[in-house]
Amino acid sequence: MDTPVVELKDVSFSYGGPRVLEKVNMKVEKGDFFALIGPNGAAKTTLMKIMVGLVVPDEGEVKLFGKNVRSFRQWQKIAYVPQHGGQINLSFPATVREIVASGLFGKAGSLKGKSVDEAVRKAMATVGIEPLAARLIGELSGGQRQKVFLARSLVGNPEALFLDEPTTGIDAESQEEFYGLLEHLNKEQGLTVVMITHDIGMACGMANKIGCVKSGKVDVHENTKDVTEDHIAEIMGYSMKNRRQTER
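Just so you know, the UniProt record's numbering puts 131 at position 131 of the sequence shown, and the rest follows in order with no gaps.
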């Protein structure tokens, strides 16, 4: 069996007060589409930052590809897309191609000249933004910008992709297109995807595993059919029936 992409053992964390995560144990296997759901303030972002080595837990062990995260050095294997693409300055005069190429910073290794150009072109082609290569990032729609951030994360050819609420603030059509890209990357190209989302329907329909984060705990479901409406209501703190009526 392949070594897990991510493994957390008895991980706990606090910001100096009560623990926001308590004795978390979970694994992300190679090829997983793992969705993390939970109410606002449930420490989902903190959990993801712990997974990718950006936050050090108070207790417990974090492994990436079988190595303790503290000694892990193969960072080209993972890509992390924070909320809103890391709050990029949209007034900065950078082109789409330049933004995508920035994803190679620190990862390019021996890539030079034509190899860099080819890697950038391939990443843009994968998400369908080649025609936008010369456009300034500030000229794009929210959906287009999110594709640019996705291409930037893919340009280094990672094995695992971590996304923190990637569809926040973009329209429904762009969301569907974005989800389709992720599904293709996961199923057709074997990319491991870990995503924080509030889109419960997408999570249940696309992910093969769902992690419900609440009150410092992570309840992992390896069969998404186990995530019933009642369970979702308990985790998210609302009635699915009332929510649907409100959205009409």
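Cβ coordinates follow ideal geometry from the N, Cα and C atoms, glycine included. Remember, predicted model here, so these are calculated numbers, not experimental data.
If you draw a straight line from the Cα of lysine 77 to the Cα of leucine 8, it is about 18 Å long. Contact check for cysteine 204 against isoleucine 37 fails: the beta carbons are separated by 7 Å or more. At a Cβ-Cβ threshold of 7 Å, methionine 206 and phenylalanine 33 count as neighbours. The beta carbon of leucine 185 sits closer than 6 Å to the beta carbons of Leu191 from its chain, once the five residues preceding and following it are set aside; these are given in chain order. The continuous stretches of alpha helix (DSSP H) do not include serine 71, and DSSP gives it neither H nor E.
With contacts defined as CB atoms closer than 7 Å, phenylalanine 13 and proline 82 fail to qualify as a contacting pair. In the structure shown, histidine 184 falls within a helical segment according to DSSP collapsed to helix, strand and coil. Separation of alanine 133 and methionine 124 (C-alpha to C-alpha, rounded to the nearest whole angstrom) is 8 Å.
A Cβ-Cβ distance of about 11 Å is found for the pair methionine 48 and valine 218, leaving them out of contact under the 8 Å criterion. When the alpha-carbon of arginine 70 is set against those of Met51, Tyr80 and Ala79, the nearest one is in Met51. With a threshold of 16 other beta carbon atoms within 10 Å, arginine 145 meets it and is buried. In this model, threonine 197 and glutamate 222 are separated by some 17 Å (Cα to Cα). Between glutamate 61 and glycine 216 a beta carbon distance of about 17 Å is seen, past the 8 Å cut, so the two are scored as non-contacting.
Cβ neighbours of asparagine 208 within its own chain (closer than 8 Å, five residues either side excluded): Asp32, Phe33, Phe34, Glu222 and Thr224.
Residue burial is scored here from C-beta neighbours: aspartate 164 has at least 16 other C-beta atoms within 10 angstroms and is therefore classed as buried.
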